[in-house]
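> If you want my numbering, it's the position in the sequence shown, counting the first as 1, plus 1150. Ideal placement from N, C-alpha and C gives every residue a C-beta, glycine not left out. Only a predicted model underlies this, so the values are computations on that prediction, with no experimental measurement involved. Pasting in a structure now, in structure tokens, and then I'll have a few things to ask.
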Amino acid sequence: MRRFNGYIFDLDGTVYLGPDALPGAVEAIGELRRGGARCVFLSNKPIESVATYEAKLKGLGIPVAPGDVLNSSVVMARYLSRMAPGARVYLIGEDPLAEEILKVGCTLTSDPRLTDIVVVSWDRHFTYKKLDDALQAILLGARFVATHPDRTCPVPGGVVADAAGMIAAVEAVSGKQCEEITGKPSPWTIEIALERLGVPKEESIMVGDRLETDMRMGFNAGIATAVVLTGITTRAHLEASPVHPQYVIESLRDLL
């Protein structure tokens, strides 16, 4: 495996799992940086703030500078600032995402009648009322977008339900398909990641544990891809998948 000048790392299942760094992750990232490589960290997970991710990485021994960490909340905020500036948002999601939406000048509403756009994300407090409010807003003409398509999120000992369940619920009751999902593998995400990386595409690689998001995004963007087998993807998944990364590695240690 050749060395690259820029690395975009997924987080959950790639760099760490739960509170702990995965084997070889800290050492590999440190060695790549000492060799002059740029590293950006990217997650679809919107239930924690970028500042929380930064603190976690630093606590694991991975120094990060402002702008090195990006998640789907930041990507959604950029999308709204460009495609629906000043919109009134009905949010199915949690506080870190709400904070990013407010930063770009949108407002949050709890009234379906005053909603311009419904934003659906991972929400661990998802309720019937939220589902019905989203339905009523969409029936009244509100747009319907979402942060990320992940079905599950890896945790120590298994997985937990993720945003795909909330998106599917709103689609089912409204009869409307979500018009835009801005997180991985969307071009909205890779655009910001490459901006932050500051390295030409041909010198960059996407490293992650999901075929349908991390690897597909890298492939669609025309950059190299490496799937790591410390998270969601197994060798059985690779054999059955139409997505074929250029590299398959057991852990980040193999980047060296």
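State the DSSP-derived secondary structure class of residue 1302, mapped to helix, strand or coil.
To locate residue 1302, count along the sequence shown from 1; it is residue 152. Of the three classes helix, strand and coil, the one that applies to residue 1302 here is strand, per DSSP.
> Is residue 1337 buried or exposed, if buried means 16 or more other CB atoms sit within 10 Å of its CB?
As a position in the sequence shown, residue 1337 is number 187, starting the count at 1. Label assigned to residue 1337: exposed.
> Note the first and the last residue of the continuous beta strand (DSSP E) segment covering residue 1241.
By 1-based counting over the sequence shown, the position of residue 1241 is 91. That run of the beta strand (DSSP E) goes 1238-1242.
> Helix, strand or coil, according to DSSP, for residue 1317 in the structure here?
Counting from one through the sequence shown, the residue named residue 1317 turns up at place 167. Helix, per DSSP.
> Would you tell me roughly how many angstroms separate the C-alpha atoms of residue 1292 and residue 1271, rounded to the nearest one?
Against the sequence shown, residue 1292 aligns to sequence position 142. Against the sequence shown, residue 1271 aligns to sequence position 121. Near 16 Å, if we compare the C-alpha coordinates of residue 1271 and residue 1292.
> Between the alpha carbons of residue 1116 and residue 1389, how many angstroms are there, rounded?
This structure gives no information on residue 1116, because the portion of the chain shown stretches from 1151 to 1406.
> Residue 1294 bridges to which residues according to DSSP?
If you number the sequence shown from 1, residue 1294 lands on position 144. According to DSSP, residue 1294 bridges with 1268.
> With DSSP run on the structure shown, which of helix, strand or coil describes residue 1162?
Indexing the sequence shown from 1 puts residue 1162 at position 12. In this structure, residue 1162 counts as strand in the three-state DSSP scheme.
> Does the separation of the CB atoms of residue 1211 and residue 1176 fall below 9 Å?
Numbered from its first residue, the sequence shown carries residue 1211 at position 61. Numbered from its first residue, the sequence shown carries residue 1176 at position 26. Cβ distance < 9 Å, so residue 1211 and residue 1176 count as in contact.
> On the premise that residue 1225 lies in contact with residue 1342, defined as a C-beta separation below 8 Å, what is that separation, rounded to the nearest angstrom?
Taking the sequence shown and counting its residues from 1, the one referred to as residue 1342 is at position 192. Taking the sequence shown and counting its residues from 1, the one referred to as residue 1225 is at position 75. Contact flag correct, Cβ pair sits at about 6 Å.
> If you follow the beta strand (DSSP E) that residue 1221 is part of, which residue opens it and which one closes it?
For the purposes of this step, residue 1221 is identified with residue 71 of the sequence shown, where counting begins at 1. Unbroken beta strand (DSSP E) run through residue 1221: 1219-1221.
> Can you tell me the Cα-Cα spacing of residue 1203 and residue 1260, whole angstroms?
Your numbering for residue 1203 matches position 53 in the sequence shown. Your numbering for residue 1260 matches position 110 in the sequence shown. Using only the alpha carbons, I get a separation of about 28 Å.
> Near residue 1354, what residues of its chain come up, given a Cβ to Cβ distance below 8 Å and the 5 sequence neighbours on each side ignored?
Here residue 1354 refers to the residue found at position 204 of the sequence shown. Once the five neighbours on either side are set aside, the close Cβ partners of residue 1354 are 1154, 1155, 1156, 1157, 1158, 1344, 1347, 1373 and 1374.
> Just reading off the beta strand (DSSP E) that residue 1375 is part of, what are its end residues?
Locating residue 1375 in the sequence shown gives position 225, counting from the first residue. Note, residue 1375: beta strand (DSSP E), 1374-1378.
> Taking the continuous alpha helix (DSSP H) assigned at residue 1154, which residues delimit it?
Counted from its first residue, the sequence shown places residue 1154 at position 4. Premise fails: residue 1154 is in no alpha helix (DSSP H) and is neither H nor E.
> Spatial neighbours of residue 1319 within its chain, please: CB distance less than 7 Å, with the 5 preceding and 5 following residues excluded, ordered by chain position.
Walking along the sequence shown from the start, residue 1319 turns up at place 169. The residues are 1281.
> Suppose contacts are defined by Cβ-Cβ distances below 9 Å. Is residue 1265 in contact with residue 1287 by that definition?
Against the sequence shown, residue 1265 aligns to sequence position 115. Against the sequence shown, residue 1287 aligns to sequence position 137. It is a contact, given that the beta carbons lie within the stated cut-off.
> In chain order, what residues of the same chain lie with their CB nearer than 8 Å to the CB of residue 1186, ignoring the 5 residues before and after it?
Here residue 1186 refers to the residue found at position 36 of the sequence shown. The answer, listed in chain order, is 1155.
> Within a Cβ cutoff of 6 Å, which residues of the same chain sit near residue 1339, ignoring the five residues on either side of it in sequence?
Here residue 1339 is taken as the residue at index 189 of the sequence shown, counted from 1. These residues qualify, in order along the chain: 1225 and 1333.
> List the DSSP bridge partners of residue 1331.
By 1-based counting over the sequence shown, the position of residue 1331 is 181. According to DSSP, which records beta bridges pairwise, residue 1331 is partnered with 1296.
> On the CB-based measure, 16 or more other CB atoms within 10 Å of its CB, does residue 1206 come out buried or exposed?
The residue labelled residue 1206 in the question sits at position 56 within the sequence shown. Buried, by the Cβ-count rule.
> At which residues does the alpha helix (DSSP H) containing residue 1234 begin and terminate?
Reading the sequence shown from its first residue, position 84 is the one you call residue 1234. First-last for residue 1234: undefined, no H or E at that position.
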